[in-house]
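Q:
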Amino acid sequence: MSHPWTLEEVDVDGAIREQGEKVDPQTRASFLKKAGIGVGAAVGTSAFLGSMPSVANAAFAKSDVAILNYALTLEYLEAAFYVEAVKSNFPGNVGTFAKIVSNHETAHVKFLVSALGRAAVKKPTFDFKGTTADEAKFKATAQVLEDTGVAAYLGQVGNIKSKQILAAAGSILPIEARHAGWIRDINGVSGAPKAFEGAKSMKAILAAVKATGFITG
61 MSHPWTLEEV DVDGAIREQG EKVDPQTRAS FLKKAGIGVG AAVGTSAFLG SMPSVANAAF
121 AKSDVAILNY ALTLEYLEAA FYVEAVKSNF PGNVGTFAKI VSNHETAHVK FLVSALGRAA
181 VKKPTFDFKG TTADEAKFKA TAQVLEDTGV AAYLGQVGNI KSKQILAAAG SILPIEARHA
241 GWIRDINGVS GAPKAFEGAK SMKAILAAVK ATGFITG
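Counting in my numbering, the sequence shown runs from 61 upward without gaps.
(1) May I ask which residues mark the beginning and end of the alpha helix (DSSP H) holding I127?
(2) Bridge partners for I275 per DSSP, in chain order?
(3) Buried or exposed for G277, going by 16 or more other Cβ atoms inside 10 Å?
(4) So what's P234 in DSSP terms, helix, strand or just coil?
(5) Taking C-beta to C-beta, are F171 and A158 nearer than 8 Å?
(6) Under three-state DSSP, which class holds A264?
(7) Does the stretch 162-178 come within contact of the stretch 248-263, defined as at least 3 CB pairs closer than 8 Å?
(8) Taking DSSP as the reference, what is the three-state secondary structure of F256?
(9) Can you give me the C-alpha to C-alpha distance between A121 and T272, rounded to a whole angstrom?
(10) Per DSSP, what kind of secondary structure is A228 in: helix, strand or coil?
(11) Going by the CB atoms, is the gap between I235 and K199 shorter than 8 Å?
(12) Evaluate V249 with the Cβ neighbour count: other Cβ atoms within 10 Å of its Cβ, from every protein chain shown; 16 or more gives buried, anything less gives exposed.
(13) Using the Cα positions of P222 and G215, report the straight-line distance between them to the nearest angstrom.
(14) Excluding the 5 residues flanking N153 on each side, which residues of the same chain have their C-beta closer than 8 Å to its C-beta?
(15) On the CB-based measure, 16 or more other CB atoms within 10 Å of its CB, does D187 come out buried or exposed?
(16) Alpha carbon to alpha carbon, what distance is there between A267 and L128?
(17) Out of I160, I265 and K182, point me to the one whose CA is closest to Y142's CA.
(18) What does a CB cutoff of less than 7 Å around G241 pick up in its chain, not counting 5 residues either side in sequence?
(19) Would you kindly work out how many angstroms separate the C-alpha atoms of K270 and A131, rounded to a whole number?
(20) Name the two residues that bound the continuous alpha helix (DSSP H) containing K280.
(21) Is A218 helix, strand or coil by DSSP?
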């Protein structure tokens, strides 16, 4: 799963590109120039659900709405992946990891949908191509997804205008990093291979997602 993903494959109905067009040019240009990886992680507390105003109430900048929908698309992917994997009843630490992370990613989806309201993009359909039924494939894919989650959030934090959204994203990012370290430990590889972590642009992440073929409609 080292091949790059692409925009058209993940953004089947054009929803992400439509949201991207709403981002003001300066912000869009700045994050498309950045390099990086990642997305995922847990909000950690339901307090954010109470403190975050709804996008439906026009509380957020259009660029922040686009970023939230980008995050939601990735969270839909991760949540569906882990929900399906839990059904495989993997033994030991792998099964525990799948169940806990599934709960986290599902919580992220609920949080983002609640914040976005009617502005939320619809959930895509998925085909994980057997990666959720085979333990070895699941572990390898989970590592890629979690590393990707970290880089995706990292790639957008500097573009967020709302302090509330930034706080929410900031609470998700370290959980994604913990997921990444956990699955790396399960896989017998270094949980922190580098002293610094790079970010990835929205364009790069969506391209990578497309190349997996996991999003089918």
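A virtual CB, placed ideally from N, CA and C, is assigned to each residue, including glycine. The model shown is predicted, which means the values in this text are computed figures rather than measured ones.
A: Answer, in terms of the structure:
(1) K122 to V146
(2) F186
(3) exposed
(4) helix
(5) no
(6) helix
(7) no
(8) coil
(9) 31 Å
(10) helix
(11) no
(12) exposed
(13) Residue identity differs from the one stated: residue 222 is Ser in this sequence, not Pro. Each residue's alpha carbon lies about 16 Å from the other.
(14) I246
(15) exposed
(16) 18 Å
(17) I160
(18) G251 and A252
(19) 15 Å
(20) Outside the displayed range of the chain (61 to 277) lies residue 280, so it cannot be described from this structure.
(21) Sequence check: residue 218 is Gly here, not Ala. Of the three classes helix, strand and coil, the one that applies to G218 here is helix, per DSSP.
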